[in-house]
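S.K.:
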Amino acid sequence: MMQTASPARAGKMEAGRRSRPSFEAWSWLFMRVSGLALIFLALVHFALTHIVTDVADTGSDFVDDRWANPLWRLFDWALLTLALFHGLGGLRWIIDDYVRSPGRRAVIKVSLYAVALSLFALGTITILTY
Amino acid sequence: MSLKSRVYRGKSGQWAFITHRITGFLVFAFLLLHIVDVSLIARPRLYDQVHELYGNVLLRLFEVGLLFALVYHSLNGLRIVMIDFFPGSIRNERTVLVAVTVISVGATLAGGYVIMKPFIEGRLL
């Protein structure tokens, strides 16, 4: 049974949506907040490993020195987590824009999430168990 | 109607949108690779063998490209945050985008010089 929503009803639904932000609204906010944090985290990381120290001098000894300090591990883990999920959010939008077939879209998204979650686990284990 | 005439040709914002996507995609692709190469640290000898590749001239050029993508995506992202959180704060979109591009190119040239220094000074291939 189909019924057209009355204006009052539509207004109520809209108000309901406003009071409880959707997943997409949270996603939008996360992209901006994580983006701001990543400007600091990613640029500091790049500067330390390519500008302040030459990339050739950032071998296992360099990692050993840095990860002796738990705060650097926390820094690297925050960078890993925010960058990975920020990138995942971006790629999700790209897939929605360019992959039009629902079946292919689902397959590509599921594969992407599987790869990203596996790498998140790999990165976390790497930082924790070194 | 030819295909060409149907392609949407936007203004500066359209270019910012496209370049933001491309630079974001490239940084994300590198991130996936980078998580794998860092995970080799569990076996330090192997890590060092793989890591040595990052010092060669081709990968140094790649790192300069990565620097541009990072700085451009950062500054353009800041422009997006300003537009979204402080509507009206940007009076002239085009000028801000030009500034984003100029600062990104400048930072890439300065950082690129440091990254390529061993090659420029002939200490590397």
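Protein sequence lines correspond, in order, to chains A and B.
For the first sequence, the tail end lands on 130 under my numbering, and the numbers increase by one without skipping.
For the second sequence, the tail end lands on 1125 under my numbering, and the numbers increase by one without skipping.
The beta carbon of each residue, even a glycine, is placed where N, CA and C say it ideally should be.
For Trp67(A), which three-state DSSP category applies?
M.R.: coil
S.K.: Taking a contact to mean a Cβ-Cβ separation below 8 Å, would you say Ser27(A) touches Gly87(A) in this structure?
M.R.: no
S.K.: Among Ile51(A), Ile125(A), Asp76(A), which has the Cα closest to the Cα of Arg1060(B)?
M.R.: Ile51(A)
S.K.: Once the 5 residues before and after Leu1124(B) are set aside, which same chain residues still bring their CB inside 7 Å of it?
M.R.: Val1057, Pro1118
S.K.: Could you say if the segment 1079-1095 of chain B and the segment 1030-1038 of chain B meet the contact criterion of at least three C-beta pairs nearer than 8 Å?
M.R.: No contact exists between the segment 1079-1095 of chain B and the segment 1030-1038 of chain B.
S.K.: Can you say whether Asp76(A) is buried or exposed, counting buried as having 16 or more other CB atoms within 10 angstroms of its CB?
M.R.: buried
S.K.: If I measure Cβ to Cβ from Phe120(A) and keep anything under 6 Å in the same chain, skipping five residues before and after, which residues do I get?
M.R.: Leu84
S.K.: Give a yes or no on whether the minimum CB-CB distance between Tyr130(A) and chain B is below 8 Å.
M.R.: yes
S.K.: What are the start and end residues of the alpha helix (DSSP H) that includes Phe1126(B)?
M.R.: This structure leaves residue 1126(B) out entirely; chain B is present only between 1001 and 1125.
S.K.: Assuming Gly123(A) and Leu80(A) make a contact with CB atoms under 8 Å, what is their CB distance in whole Å?
M.R.: Correct: roughly 5 Å between the Cβ atoms.
S.K.: By a C-beta neighbour count over all protein chains shown, 10 Å radius and 16 as the cutoff for buried, is Ile1018(B) buried or exposed?
M.R.: Using a 10 angstroms sphere on the CB of Ile1018(B), the tally of other CB atoms stays under 16, which defines it as exposed.
S.K.: Does the beta carbon of Phe85(A) sit closer than 8 Å to a beta carbon anywhere in chain B?
M.R.: no
S.K.: How would you label Gly1112(B), buried or exposed, when you count the other beta carbons within 10 angstroms and need 16 or more for buried?
M.R.: buried
S.K.: If you measure from the beta carbon of Phe46(A) to each beta carbon in chain B, is any gap under 8 Å?
M.R.: yes
S.K.: Please report how far the alpha carbon of Ala106(A) lies from the alpha carbon of Tyr130(A), in whole angstroms.
M.R.: Counting only the Cα atoms, Tyr130(A) lies some 36 Å from Ala106(A).
S.K.: Closer than 7 Å by C-beta to Ile1083(B): which residues in its own chain qualify, once you throw out the five before and the five after it? Chain order, please.
M.R.: Ile1090
S.K.: Quick check for students: name the residue ranges of the alpha helix (DSSP H) that lie wholly in the segment 1055-1084 of chain B, counting only runs of 4 or more.
M.R.: none
S.K.: Please report the distance separating the alpha-carbon of Arg1006(B) from that of Gln1014(B).
M.R.: 15 Å
S.K.: Determine, using beta carbons only, whether Tyr1054(B) comes closer than 8 Å to chain A.
M.R.: Yes, Tyr1054(B) lies at the interface with chain A (some Cβ there is under 8 Å from its Cβ).
S.K.: Flag this pair as yes or no: are the beta carbons of Val115(A) and Ile108(A) separated by less than 8 Å?
M.R.: Cβ distance not < 8 Å, so Val115(A) and Ile108(A) don't count as in contact.
S.K.: With 7 Å as the C-beta to C-beta threshold (strictly closer), list the residues of the segment 90-104 of chain A near chain C in chain order.
M.R.: Going by chain labels, chain C is absent from the structure shown, which instead holds the protein chains A and B.
S.K.: Measuring CA to CA, which of His1020(B), Ile1041(B), Val1081(B) is closest to Ala37(A)?
M.R.: Comparing Cα positions, the closest option is Val1081(B).
S.K.: Among residues of its own chain, excluding the 5 on either side of Ala10(A), which ones have a beta-carbon nearer than 7 Å to its beta-carbon?
M.R.: Residue placement at Ala10(A) cannot be trusted, given a pLDDT of 47 that sits under 50; what the coordinates show is reported in the next sentence. Closer than 7 Å at the Cβ level, and outside the excluded window around Ala10(A), lies no residue.
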